[in-house]
Amino acid sequence: MRFLLALGLLVCSSFSSAELPSPQDEPILTIAGLILHGNNQGAADFDLKMLQALPQHTIVTRHPWVETRHHYKGPKVAEVLELAGAQSSKLTLVALNNYEVEIDFSDIKKFEPILAWSDNDRPMRVRDKGPLWLMLPIDDHPELLQMPYNDFMIWQLRSIIVK
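Numbering-wise (the UniProt record's numbering), the sequence shown opens with residue 1 and increments by one.
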């Protein structure tokens, strides 16, 4: 626990620096494009421990891919983008299978999605739509069941390109 707290302080302290700490494990998320803070040749790589060290938020919701409400946990997308110094109004989200969706940053601010790494208190594996799933609070905003919002809930998220 102390390690995660120390890592969280280290990650959060990098808001003002030009470089993020380097991941200690295999990166599961890369943020590239119009960003100010990176740790890998202009891109920002995050491993699971780095994302877990950030403030965690829970979304309890039902959506078209589950029959009952699930508890999803992870950092807010906006907070991770802020760490990378994202400078744009458009984002392209890319999954492991190269599926892409474009989203306005205004929707990120409005609906406050998280980068869910946990589903009902279990880390998500690739076979479970993980390791990251952009999760929207559908129960709080029923309009998210309409297009194009369903498309924003990209699972097996691998990268975010800031345009």
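A virtual CB, placed ideally from N, CA and C, is assigned to each residue, including glycine. No experiment lies behind these values; they were computed from the predicted model shown.
Boundaries (first-last residue) of the beta strand (DSSP E) holding residue i
| i | result |
| --- | --- |
| Met50 | No beta strand (DSSP E) holds Met50; the alpha helix (DSSP H) holding it covers Leu48 to Gln52. |
| Val94 | Lys90 to Ala95 |
| Ala32 | Leu29 to Gly33 |
| Leu65 | Checking the displayed sequence, the identity of residue 65 turns out to be Trp instead of Leu. Premise fails: Trp65 is in no beta strand (DSSP E) and is neither H nor E. |
Candidates the options, of which the one nearest residue i by Cα
| i | options | result |
| --- | --- | --- |
| Ala116 | Asp151, Gln52 and Pro64 | Gln52 |
| His63 | Ser159, Leu144 and Val162 | Leu144 |
| Asn98 | Ser22, Val126, Ser159 and Arg69 | Ser159 |
| residue 182 | Pro148, Gln146, Asn150 and Asp25 | Nothing about residue 182 can be reported from this structure: the residues present for the chain run from 1 to 163 only. |
| Pro137 | Arg125, Leu93 and Glu112 | Glu112 |
6 Å CB neighbourhood of residue i in its chain, flanking five on each side removed
| i | result |
| --- | --- |
| Trp133 | Ala116 and Trp155 |
| Leu20 | Ser14, His37, Asn39 and Ala44 |
| Pro148 | none |
Coarse secondary structure for residue i, derived from DSSP in three states
| i | result |
| --- | --- |
| Ser118 | strand |
| Val77 | helix |
| Ala84 | helix |
| Arg158 | strand |
| Pro123 | strand |
| Asp45 | strand |
| Gly8 | Note on Gly8: pLDDT 46, under 50, position unreliable in the model; no value is reported. |
| Ile59 | strand |
Limits of the unbroken alpha helix (DSSP H) element including residue i
| i | result |
| --- | --- |
| Asp104 | From DSSP, Asp104 is part of no alpha helix (DSSP H) but of the beta strand (DSSP E) over Glu100 to Asp104. |
| Asp151 | Tyr149 to Phe152 |
Min CB distance residue i to chain B below 7 Å
| i | result |
| --- | --- |
| His63 | In summary, chain B is missing from the structure at hand, where a single protein chain is found. |
Close Cβ partners of residue i (< 8 Å) along its chain, the five nearest in sequence each way excluded
| i | result |
| --- | --- |
| Lys109 | Ala78 |
| Ala95 | Ile154, Trp155, Gln156, Leu157 and Arg158 |
Contacting residues, own chain, Cβ-Cβ under 7 Å from residue i (five flanking each side not counted)
| i | result |
| --- | --- |
| Ile114 | His57, Ile59, Tyr72, Gly74, Pro75, Lys76, Val77 and Met135 |
| Asp128 | Asp119 |
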